[in-house]
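Trainee: Quick one: structure below, then a few questions.
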Amino acid sequence: MRGLLLAAALLATPAAAQTDLLAAYATPQTLVTLPDGRKLHFHCSGLGGPLVILDAGWGASSLAWRSVQPQVATLTRVCAMDRAGMGFSSPGPLPRDTASIVDDLHAALQTPAFPSPYILVGHSLGGMNMRLYASRYPDQVVGMVLVDPANPHQDKR
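See below:
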């Protein structure tokens, strides 16, 4: 019986931990007002610098980083972004492309809540966004991590 209880506790632990992580992302946290009045949402945790900015893949919100962000937050401050129209962010004007996403991100990062320098982390579409941000604003970026990034020419392969 004791072995059965131990097994149940071990099986329940990951589910409970996952539930706690999901709950942390259930309400908006940091909403930045862009120059046009739209709101861009960031989920931030941790302390220190450089500031790590996370951008998820196509169709994903800051919630996609729920398993990674707490680990990074033990080392420095980290903020996961909801692009326009995702998560708790306001919709953006169409068409939405990498250039407009980077424009939004740059406008948001100009607020005192997001001091540079930045380490940019992007997955899939987020990788393309972060590459463009780094090429436009190299003086603000001290590092970049691309996680299976999309390639602007991948449709031609």
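For the record, in the sequence shown the residue sitting at position 130 is 169 according to our numbering, with numbers rising by one throughout.
Glycine residues also receive a C-beta, built at the ideal position from the N, C-alpha and C atoms.
Model, not experiment: these values are computed from the prediction.
#1: Within this structure, are the beta carbons of VAL180 and ALA173 separated by less than 8 Å?
#2: For ASP187, count neighbouring C-beta atoms within 10 Å of its own C-beta (all shown protein chains included) and say buried if the count is 16 or more, exposed if not.
#3: Compute the Euclidean distance between the alpha carbons of ALA55 and ARG105, then round it to the nearest angstrom.
#4: Report all residues from its chain with a CB closer than 6 Å to the CB of GLY126; omit the five preceding and five following residues, and keep chain order.
#5: Could you tell me the alpha carbon to alpha carbon distance between ALA46 and PRO109, rounded to whole angstroms?
#6: Buried or exposed: where does HIS192 fall if 16 or more other Cβ atoms within 10 Å of its Cβ makes it buried?
#7: By the 10 Å Cβ neighbour count, where 16 or more other Cβ atoms means buried, how is LEU86 classified, buried or exposed?
#8: How should ALA138 be labelled, buried or exposed, when 16 other C-beta atoms within 10 angstroms of its C-beta is the threshold for buried?
#9: Have a look at the DSSP bridge pairing and note the partners of THR72.
#10: Using a 10 Å radius around the Cβ and a threshold of 16 neighbouring Cβ atoms, would you call PRO177 buried or exposed?
#11: Pull up the distance between the alpha-carbon of LEU114 and that of ASP136, whole angstroms please.
#12: Who are LEU171's beta bridge partners in DSSP?
#13: Can you check which of these residues, PRO154, VAL184, ARG170, MET167, is closest to LEU90 by C-alpha distance?
#14: Considering just the uninterrupted stretch of the beta strand (DSSP E) at SER141, what are its terminal residues?
#15: Would you mind giving the Cβ-Cβ distance between HIS82 and ALA119, rounded to the nearest angstrom? I have them listed as a contact below 8 Å.
Mentor: In terms of the structure at hand:
#1: One-based indexing of the sequence shown puts residue 180 at position 141. One-based indexing of the sequence shown puts residue 173 at position 134. In this structure, ALA173 lies closer than 8 Å to VAL180 by Cβ.
#2: Counted from its first residue, the sequence shown places residue 187 at position 148. So ASP187 ends up on the exposed side.
#3: Counting from 1 along the sequence shown, the entry for residue 55 is found at position 16. Counting from 1 along the sequence shown, the entry for residue 105 is found at position 66. Note that ALA55 scores a pLDDT of 49, beneath 50, so its modelled location is shaky; the value from the coordinates is reported in the next line. A direct Cα-to-Cα measurement between ALA55 and ARG105 gives close to 14 Å.
#4: For the purposes of this step, residue 126 is identified with residue 87 of the sequence shown, where counting begins at 1. Correct list, in chain order: HIS80, SER100, SER101.
#5: Stepping through the sequence shown from its first residue, residue 46 is reached at position 7. Stepping through the sequence shown from its first residue, residue 109 is reached at position 70. A caution first: ALA46 carries a pLDDT of 34, below 50, which makes its placement in the model unreliable, though a value can still be read off. Their backbone Cα atoms lie some 26 Å apart in a straight line.
#6: As a position in the sequence shown, residue 192 is number 153, starting the count at 1. It is exposed - the Cβ of HIS192 has fewer than 16 other Cβ atoms within 10 Å.
#7: Residue numbering aside, residue 86 sits at position 47 when the sequence shown is read from its first letter. Under this definition LEU86 is an exposed residue.
#8: Along the sequence shown, read from residue 1 onward, the residue named residue 138 stands at position 99. By the 10 Å Cβ count, ALA138 comes out exposed.
#9: Translated into positions along the sequence shown, residue 72 becomes position 33. Beta-bridge pairing links THR72 to LYS78.
#10: In the sequence shown, the residue the question calls residue 177 occupies position 138. PRO177 should be labelled exposed.
#11: What you label residue 114 is simply residue 75 of the sequence shown in a count that begins at 1. What you label residue 136 is simply residue 97 of the sequence shown in a count that begins at 1. Roughly 32 Å between the two C-alpha positions.
#12: Taking the sequence shown and counting its residues from 1, one reaches residue 171 at position 132. According to DSSP, LEU171 bridges with nothing at all.
#13: Residue 90 sits at position 51 when you count from the first residue of the sequence shown. When only C-alpha atoms are compared, the closest one is PRO154.
#14: As a first step, residue 141 must be located in the sequence shown, where it is residue number 102. According to the sequence as given, residue 141 is Val; it is not Ser. From DSSP, VAL141 is part of no beta strand (DSSP E) but of the alpha helix (DSSP H) over 137–148.
#15: By 1-based counting over the sequence shown, the position of residue 82 is 43. By 1-based counting over the sequence shown, the position of residue 119 is 80. Yes, HIS82 and ALA119 are in contact; Cβ-Cβ is about 5 Å, under 8 Å.
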